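Colleague: Residue numbers (the working numbering), protein chains in the order written: chain Z, 33 to 238; chain B, 208 to 387.
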């Protein structure tokens with residue numbers, strides 16, 4: 033950038049005398065080289081001084097790993113609090129995974145309610161089926177002999193019909209109508225229940 | 208063989224090394240000193256950095272790539288040494304680099320080695336507000352009046368980028384001078 037151009041874009045700067053204002057001590061540059069050489073020879077001396085005059089016992093470096101490992105093991109034994117149970121690390125993955133699986137089985141309150149109502153209905157219907165339709169081959173079919181999945185399959189296929197009539201027939205003493213009636217749940221209970229769940233999720237689920 | 212090539216050859220020759228090194232320092236000590244001084248500001252610091260620069264040149268002369276110019280290589284070493292020096296100084300004092308440089312510029316008025324007037328002091332304060340690269344470019348162009356091609360070789364930056372950098376630096380400094 034030429035002086036004229038500089039004056040145009042930076043008039044203040046161009047008006048300053050082009051001098052840093054820095055000074056150096058008198059004769060500084062005259063003896064500078066000697067200073068550097070002195071520094072270099074000082075470094076050389078330092079290098080010589082730094083050469084290793086110490087010795088190690090014979091075969092020291094051949095056995096150092098074993099020495100360290102032995103020391104480490106004895107320290108670990110002394111500090112029992114820090115020890116982990118036997119095979120802890122071998123089984124940690126399995127334990128973590130099984131915990132994860134358990135956590136995945138958590139089901140919402142709403143689903144549980146439906147499940148219990150359904151189980152009750154299934155049990156009642158089965159009792160009715162057993163009473164009204166005794167087995168043809170004579171062998172007794174018990175509740176325990178059926179898997180839950182099989183019962184669910186029977187309901188899904190329409191073989192077992194679950195309604196208040198069949199339930200009432202099976203359990204005359206049990207007031208099925210009122211037990212499963214939505215009106216039996218108070219508004220307050222309903223609001224508490226809805227408050228415990230994310231309403232939006234519930235709507236999406238249904 | 209050019210003078211510089213002969214110098215480098217002698218620097219690599221153990222028998223002629225000391226003599227060549229003395230000649231090298233004689234040639235460049237002033238230019239490098241002022242380059243460093245403008246970065247570190249104090250004479251004592253500049254002296255330390257200049258000595259370290261020459262020691263580094265001496266130790267690394269065998270790895271010097273003769274395709275580039277010796278003085279560009281030395282300038283590069285000097286710049287790096289000076290910047291490393293002030294970075295370490297800031298770290299030791301646990302302050303930011305910009306704070307350290309501003310404090311150094313502020314203290315110039317109390318130093319015997321600074322005889323600039325009020326406006327020259329203000330200019331130094333303005334320079335330390337610039338980013339590092341702009342400080343270097345401004346000092347090399349404005350005070351040392353180096354060619355962009357020379358600066359380009361030393362800072363390994365394109366001429367276009369250097370021109371832009373200098374232009375920004377000048378504008379920032381002008382603004383600082385107007386407002387302070």
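Just so you know, even glycine gets a beta-carbon here, dropped at the ideal spot from N, CA and C. Bear in mind the structure is a predicted one, so any value in this text is a computation, not a measurement.
Out of curiosity, what's the CA-to-CA distance linking residue 336(B) and residue 330(B)?
Modeller: 10 Å
Colleague: How about residue 252(B) and residue 296(B): do their beta carbons lie closer than 9 Å?
Modeller: The answer is yes: Cβ separation under 9 Å.
Colleague: Run the CB neighbour count on residue 294(B), radius 10 Å, all protein chains shown included, and call it buried at 16 or more, exposed below.
Modeller: exposed
Colleague: Residue 58(Z) touches chain B at which residues, Cβ-Cβ below 7 Å?
Modeller: Result: empty, since nearest Cβ-Cβ is about 11 Å, beyond 7 Å.
Colleague: Report yes if the C-beta distance between residue 64(Z) and residue 257(B) is below 9 Å; otherwise report no.
Modeller: yes
Colleague: Please list, in chain order, all residues of the same chain as residue 59(Z) whose beta carbon is under 8 Å from its beta carbon, the five residues on each side excluded.
Modeller: none
Colleague: Which residue or residues does DSSP assign as beta-bridge partners of residue 321(B)?
Modeller: 54(Z)
Colleague: Report the option in 282(B), 264(B) and 224(B) whose CA atom is closest to the CA atom of residue 360(B).
Modeller: 282(B)
Colleague: Do residue 299(B) and residue 54(Z) have their C-beta atoms within less than 9 Å of each other?
Modeller: no
Colleague: Pairs of beta-carbons, one from the region 361–380 of chain B and one from the region 343–352 of chain B, closer than 8 Å: are there three or more?
Modeller: Under the 8 Å Cβ criterion, the region 361–380 of chain B counts as touching the region 343–352 of chain B, having at least three qualifying pairs.
Colleague: For chain B, is any of its Cβ atoms less than 9 Å away from the one on residue 36(Z)?
Modeller: no
Colleague: Using a cut-off of 9 Å between C-beta atoms, extract the partners of residue 250(B) located in chain Z.
Modeller: In chain order: 54, 55, 56, 57 and 60.
Colleague: Can you pull the chain Z residues whose beta carbon is under 9 Å from the beta carbon of residue 350(B), in chain order?
Modeller: For residue 350(B), the C-beta contacts it makes with chain Z under 9 Å involve 50, 51 and 52, in order along the chain.
Colleague: Does DSSP put residue 244(B) in a helix, in a strand, or in coil?
Modeller: Three-state DSSP puts residue 244(B) in a helix.
Colleague: Chain B partners of residue 44(Z), CB-CB under 7 Å?
Modeller: Neighbours of residue 44(Z) on chain B, chain order: 381, 384 and 385.
Colleague: Could you name the residues of the same chain whose beta carbon sits closer than 7 Å to that of residue 372(B), not counting the 5 residues immediately before and after it, in chain order?
Modeller: Here the set comprises 340, 341 and 344.
Colleague: Are the CB atoms of residue 52(Z) and residue 327(B) within a distance shorter than 9 Å?
Modeller: Taking 9 Å as the Cβ cut-off, residue 327(B) and residue 52(Z) qualify as a contacting pair.
Colleague: Let me confirm a value: residue 351(B) is counted as buried when at least 16 other C-beta atoms fall within 10 Å, else exposed. Which label applies?
Modeller: With fewer than 16 other CB atoms across the displayed protein chains lying within 10 angstroms of its CB, residue 351(B) is exposed.
Colleague: Going straight from the alpha carbon of residue 217(B) to that of residue 230(B), what length do you get?
Modeller: So the alpha carbons of these two residues sit roughly 10 Å apart.
Colleague: Looking only at C-alpha atoms, which of 248(B), 275(B) and 290(B) sits nearest to residue 260(B)?
Modeller: 290(B)
Colleague: Would you mind listing the alpha helix (DSSP H) stretches within the region 263–324 of chain B that are 4+ residues and don't spill past its ends, in chain order?
Modeller: The region 263–324 of chain B contains these whole alpha helix (DSSP H) runs: 277–299 and 304–314.
Colleague: Could you tell me the distance, in whole angstroms, from the CA atom of residue 332(B) to the CA atom of residue 221(B)?
Modeller: Their backbone Cα atoms lie some 45 Å apart in a straight line.
Colleague: Would you verify that the beta carbon of residue 212(B) is, or is not, closer than 9 Å to some beta carbon of chain Z?
Modeller: Interface with chain Z (9 Å Cβ-Cβ cutoff): residue 212(B) is excluded.
Colleague: What residue does the alpha helix (DSSP H) around residue 44(Z) start on, and which one ends it?
Modeller: 43–46
Colleague: Using only CA atoms, which one of 228(B), 285(B), 225(B) and 271(B) lies nearest to residue 239(B)?
Modeller: 285(B)
Colleague: Which of helix, strand or coil does DSSP assign to residue 168(Z)?
Modeller: Below a pLDDT of 50, predicted positions are generally treated as unreliable, and residue 168(Z), at 48, falls in that range; the measurement from the model is reported next regardless. Here residue 168(Z) sits in coil by DSSP.
Colleague: Can you grab the Cα-Cα spacing for the pair residue 269(B) / residue 263(B), in whole Å?
Modeller: 11 Å
Colleague: Output the boundary residues of the alpha helix (DSSP H) element that contains residue 402(B).
Modeller: Outside the displayed span of chain B (208 to 387) sits residue 402(B), for which this structure offers no information.
Colleague: Can you name the start and end residues of the alpha helix (DSSP H) that residue 383(B) belongs to?
Modeller: 366–386
Colleague: Under three-state DSSP, which class holds residue 255(B)?
Modeller: helix
Colleague: Is the shortest distance between the beta-carbon of residue 292(B) and the beta-carbons of chain Z less than 9 Å?
Modeller: It does not: the Cβ of residue 292(B) has no partner Cβ on chain Z nearer than 9 Å.
Colleague: Out of curiosity, what's the CA-to-CA distance linking residue 309(B) and residue 381(B)?
Modeller: 17 Å
Colleague: Given this structure, state the Cα-to-Cα distance separating residue 307(B) from residue 223(B), to the nearest angstrom.
Modeller: Answer to the nearest angstrom: the Cα atoms are 42 Å apart.
Colleague: Check the Cβ of residue 320(B) against every Cβ in chain Z and list those closer than 9 Å, keeping chain order.
Modeller: Within chain Z, the residues near residue 320(B) are 54, 55, 56 and 57.
Colleague: My output table needs one value for residue 176(B): the three-state DSSP class, helix, strand or coil.
Modeller: This structure leaves residue 176(B) out entirely; chain B is present only between 208 and 387.
Colleague: Show which residues of chain Z have a CB atom less than 7 Å away from the CB atom of residue 232(B).
Modeller: Under the 7 Å cutoff, chain Z gives 64, 65 and 68.
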